[in-house]
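Visitor: Each position in the sequence shown, counted from 1, maps to that position plus 5 in our numbering. Structure below; questions to follow.
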Amino acid sequence: MLAPCEVAVKCVLPVVRAMIAKELMTKHKMKQLDVANLLDVSQSVVSLYGRKMRGRAIDLEAEEDITAMINDMAASLAKGKMVYKDFITELCEVCRIIRGKGLMCKLHKIFDPSIDIEKCELCSAVMLKC
Numbered sequence: 006m007l008a009p010c011e012v013a014v015k016c017v018l019p020v021v022r023a024m025i026a027k028e029l030m031t032k033h034k035m036k037q038l039d040v041a042n043l044l045d046v047s048q049s050v051v052s053l054y055g056r057k058m059r060g061r062a063i064d065l066e067a068e069e070d071i072t073a074m075i076n077d078m079a080a081s082l083a084k085g086k087m088v089y090k091d092f093i094t095e096l097c098e099v100c101r102i103i104r105g106k107g108l109m110c111k112l113h114k115i116f117d118p119s120i121d122i123e124k125c126e127l128c129s130a131v132m133l134k135c
């Protein structure tokens, strides 16, 4: 059985990083190499994000609250106001919201077909304890 956090690491975090990278490059006019350094990934990964060849396992663009959080993260990163600890805390919060909304359930089922996503309360149970 794959834990929800493992699915998030494989599928959701690349999407969030891709959205941050896009925001940094479009709104804040940053170069791929600078974005890569901020996100601690390679420039080639940022290029793949930009060409939508990586970080597209789930569509989060319609989720206004998540998009707003990502845009705020990008703005703080661009201004140099976000330290590593804050970045990780924000990433975890975005992930918690995604899990709490059930946006990751179909992905989880792909990795673990035994999960009944109609009855599964794993993410909501974890959310209550956090």
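All C-beta atoms in this analysis are idealised placements derived from N, C-alpha and C, irrespective of residue type, glycine included.
Grouping DSSP H, G and I as helix and E and B as strand, with all else coil, what is Leu70?
Guide: The residue asked about is misnamed: residue 70 is Asp in this sequence, not Leu. Helix at Asp70.
Visitor: Tell me the rounded alpha-carbon separation between Met30 and Leu44.
Guide: Rounded to whole angstroms, Met30 to Leu44 spans 12 Å at the Cα level.
Visitor: Does the Cβ-Cβ distance between Val3 and Phe116 come in under 8 Å?
Guide: This structure does not reach residue 3, given that the chain is present from 6 up to 135, and the question cannot be answered.
Visitor: If you follow the alpha helix (DSSP H) that Met24 is part of, which residue opens it and which one closes it?
Guide: Start and end: Leu18 to Thr31.
Visitor: Report the three-state DSSP secondary structure of Lys134 (helix, strand or coil).
Guide: The predicted position of Lys134 is uncertain, since its pLDDT is 47 and thus under 50; a value taken from the coordinates is nonetheless stated next. The answer is helix: DSSP assigns Lys134 an H, G or I state.
Visitor: Suppose you measure from the CA of Cys135 to the CA of Glu98; what does that come to, to the nearest Å?
Guide: Bear in mind that a pLDDT of 44 at Cys135, under 50, signals an unreliable position, so the model cannot answer this.
Visitor: Alpha carbon to alpha carbon, how far is Ile75 from Lys27?
Guide: Cα to Cα, Ile75 sits roughly 10 Å from Lys27.
Visitor: Going along the chain, which residues of its own chain have a beta-carbon closer than 7 Å to the beta-carbon of Leu127, five neighbours each way excluded?
Guide: Only Pro9 meet the Cβ criterion.
Visitor: Is the beta carbon of Ile63 closer than 8 Å to that of Leu7?
Guide: Not a contact, by the Cβ cut-off of 8 Å.
Visitor: If you draw a straight line from the C-alpha of Gln37 to the C-alpha of Lys84, how long is it?
Guide: C-alpha separation (whole angstroms): 16 Å.
Visitor: Using the C-alpha atoms, what's the distance from Arg104 back to Asp121?
Guide: Answer to the nearest angstrom: the Cα atoms are 15 Å apart.
Visitor: Taking Val20 and Arg61 to be in contact with their CB atoms under 8 Å, please state how far apart those CB atoms are, rounded to whole angstroms.
Guide: Yes, Val20 and Arg61 are in contact; Cβ-Cβ is about 7 Å, under 8 Å.
Visitor: Which of the three DSSP states is assigned to Arg104 in this structure?
Guide: Helix at Arg104.
Visitor: Cα separation between Ile25 and Glu123?
Guide: About 31 Å.
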